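A short worksheet on the structure shown next.
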Amino acid sequence: MLVYPLSVIVLDSNITCIIQEDCILPCSFRPTGTVVIHWYKQQIPVHSYYYNKDQFGLQNKHFSGRTCLFNSHIPNGNASLLLRRVKVQDKGRYKCYTSTRKGNQEIFINLEVKALIQSVNMEVTDDMVTCSSHNIYPIPQVTWATEPFTSQGALENPTIKTTDHKGLFTVESTLKILGNLSYHTYFCSFTSADKTQVWTASRKNQEDIIQEQGHPLSIPCVAPHSLHNFSLIWTFTSITDLAVILRYDSRTRHTLNQWEGQAELDQDLLLLGNGSLLLHKPDSVEHSGMYTCTISGLQSRHMVQTNVNITVPSISMGGWSLQRSWWSTAASVVFVLFTVVVALPQCVRQRAIESRTASHTCNGAPNTTASDIIIQHGAECNKLQLQDDMKEDLTVTLTAHEGKAED
Numbered sequence: 001m002l003v004y005p006l007s008v009i010v011l012d013s014n015i016t017c018i019i020q021e022d023c024i025l026p027c028s029f030r031p032t033g034t035v036v037i038h039w040y041k042q043q044i045p046v047h048s049y050y051y052n053k054d055q056f057g058l059q060n061k062h063f064s065g066r067t068c069l070f071n072s073h074i075p076n077g078n079a080s081l082l083l084r085r086v087k088v089q090d091k092g093r094y095k096c097y098t099s100t101r102k103g104n105q106e107i108f109i110n111l112e113v114k115a116l117i118q119s120v121n122m123e124v125t126d127d128m129v130t131c132s133s134h135n136i137y138p139i140p141q142v143t144w145a146t147e148p149f150t151s152q153g154a155l156e157n158p159t160i161k162t163t164d165h166k167g168l169f170t171v172e173s174t175l176k177i178l179g180n181l182s183y184h185t186y187f188c189s190f191t192s193a194d195k196t197q198v199w200t201a202s203r204k205n206q207e208d209i210i211q212e213q214g215h216p217l218s219i220p221c222v223a224p225h226s227l228h229n230f231s232l233i234w235t236f237t238s239i240t241d242l243a244v245i246l247r248y249d250s251r252t253r254h255t256l257n258q259w260e261g262q263a264e265l266d267q268d269l270l271l272l273g274n275g276s277l278l279l280h281k282p283d284s285v286e287h288s289g290m291y292t293c294t295i296s297g298l299q300s301r302h303m304v305q306t307n308v309n310i311t312v313p314s315i316s317m318g319g320w321s322l323q324r325s326w327w328s329t330a331a332s333v334v335f336v337l338f339t340v341v342v343a344l345p346q347c348v349r350q351r352a353i354e355s356r357t358a359s360h361t362c363n364g365a366p367n368t369t370a371s372d373i374i375i376q377h378g379a380e381c382n383k384l385q386l387q388d389d390m391k392e393d394l395t396v397t398l399t400a401h402e403g404k405a406e407d
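Heads up, the sequence shown is in the UniProt record's numbering, so the first residue is 1 and it goes up one at a time.
Here is the structure:
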């Protein structure tokens, strides 16, 4: 009586592997001594094992150097295949064939591959908001939203898909800005084909902030939704400078502040997702520019940009005008004082000499009388008194101006 080996076929199972990572295709059998193992993709030889060792003579070049079995576990019935550095082209139906003296077995595996969405970048160019992601497989779904709400009909988003030599996709979607850029917060979401992953980028461009120099200033930055574990980074960009202000990690509650003493965060508000930046005494030269706040969470990134203009306080301009006015007044006072103290007495003496000369030389004119001398002496006394009064008034004026300048 002849006994034929039993042949068993197992229904397909599905496996998903991550591109560029290693993946195990499971296969098991009932161990009964010597075994023959063959792995195929469709009809393409992937890996073979017989005579108690690996056989690579018939292996397809696509799999060269990327496959192995767990040889030490084969006696225990483990014929699983380790596929290294998975590629897009590895996708397909695989067969694990095992043969022992008790029978043959075929196990089929459907291998799906995917490249995870690593990040989504959002940029503003002219009148468009652009959202993009690279090295994705398969093609994800892209959706847009705004806050305040905008109907989907108004959110037209042409999407461009390109592939590289590895078969991975780059996806770019654009949306026309709705009115003023600061009116809305824009949200762009990439959803994987199997719906297991959603990556969202959002952006808010706030209205410009104008603040006087030396006064405390708070620059708002609030996460659009609740975050449990996130990181926060503030950066500053000006015509001559690009700097990181500070970093914060919610898991460690550690802050690395490069602007210590100039800027800080409110630790209590941070736990609520509020990362607003407080500038203590902003300077018009050092602190005028673009401030960017980036909050990164699990598969999300929110960016807030604010242009800040620090102005010189008006009181400083007034002080400069007052100082100029004080110096102008002082110069005028000195000129008048010089005229009164120096020039006027000389003029009086010159007039007296001319009067005495005239009394002796006039043609037949009578000599000066005693009453004339008394009148002239009285006038000179009045002039001296006037000089003293003017000196006192000028001293009071100068003192008053000095007090205003000090204030």
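Don't be surprised by glycine CBs; every beta carbon is placed ideally from N, CA and C.
Note that the coordinates shown come from a computational prediction; the quantities given were computed from them, not determined experimentally.
Residue i in three-state terms, based on DSSP
i, result
"F56", "coil"
"D268", "helix"
"H73", "helix"
"D249", "strand"
"C17", "strand"
"F142", "The question names Phe, but residue 142 is Val in the sequence shown. Strand, per DSSP."
"L322", "Any reading at L322 must be qualified, since the residue scores a pLDDT of 40, below 50, and its modelled position is unreliable; the value itself is stated next. L322 falls in the helix class under three-state DSSP."
"V285", "coil"
"S182", "helix"
"Q43", "coil"
"A79", "coil"
"V124", "strand"
"Q262", "coil"
"V88", "helix"
"K61", "helix"
"Q105", "strand"
"G275", "coil"
"G297", "strand"
"Q152", "helix"
"I136", "strand"
"T32", "coil"
"K166", "coil"
"Q305", "strand"
"L344", "Per-residue confidence for L344 stands at a pLDDT of 48, beneath the threshold of 50, marking its modelled position as unreliable; the derived number appears in the next sentence. Helix at L344."
"C96", "strand"
"H280", "coil"
"S119", "coil"
"D12", "strand"
Check whether residue i and residue j have beta carbons under 7 Å apart
i, j, result
"R101", "T32", "yes"
"I136", "A115", "yes"
"V308", "C293", "no"
"P45", "N60", "yes"
"I219", "L277", "yes"
"E106", "I9", "yes"
"L11", "L81", "no"
"A223", "I295", "yes"
"C131", "S182", "no"
"Y50", "K95", "no"
"I310", "Q152", "no"
"G77", "F149", "no"
"W144", "Q299", "no"
"S7", "N104", "yes"
"S284", "V244", "no"
"I239", "T306", "no"
Option nearest residue i by Cα separation, candidates the options
i, options, result
"E260", "P224, L246 and M290", "L246"
"N121", "S80, N14, S133 and D90", "S133"
"V129", "Q118, I117 and T146", "T146"
"V171", "N52, C68 and Q141", "Q141"
"residue 408", "G289, V113 and S80", "Nothing about residue 408 can be reported from this structure: the residues present for the chain run from 1 to 407 only."
"V88", "F56, N104 and F63", "F63"
"G275", "R253, K281 and S284", "R253"
"C17", "N71, P216, S7 and G92", "G92"
"I117", "S238, L269, I19 and F29", "I19"
"C68", "L58, G77, N78 and D54", "D54"
"G280", "H184, N229, Q299 and Q211", "The amino acid occupying residue 280 in the given sequence is His; Gly does not appear at that position. The candidate whose alpha carbon is nearest that of H280 is Q211."
"L175", "F169, L168 and P158", "P158"
"I177", "K204, G167 and L168", "K204"
"C221", "L168, Y291 and D249", "Y291"
"H228", "F70, G297 and N104", "G297"
"D127", "G179, F169, N110 and F230", "G179"
"D90", "H73, E112 and F70", "E112"
"V86", "E156, G65, G57 and S72", "G65"
"F70", "I209, C27 and S250", "C27"
Any C-beta of chain C under 7 Å from that of residue i
i, result
"K204", "The displayed structure is made up of one protein chain only, and chain C is not part of it."
Problem set entry | Meets three-Cβ-pair contact criterion under 8 Å: the segment 263 to 279 and the segment 234 to 248 | yes
Exercise. How do the segment 183 to 203 and the segment 250 to 259 stand: do at least 3 beta-carbon pairs fall below 8 Å, yes or no?
Worked result: no
Exercise. Does the segment 34 to 42 come within contact of the segment 87 to 101, defined as at least 3 CB pairs closer than 8 Å?
Worked result: yes
For this session: Evaluate the contact criterion for the segment 190 to 204 versus the segment 160 to 170: three or more CB pairs, one atom per stretch, below 8 Å.
Result: no
Problem set entry | Segments of 3+ residues assigned as beta strand (DSSP E) that fall wholly inside the segment 171 to 239 | If we require 3 residues or more, the beta strand (DSSP E) runs fully inside the segment 171 to 239 come out as 185 to 191, 198 to 205, 209 to 212, 217 to 219 and 231 to 237.
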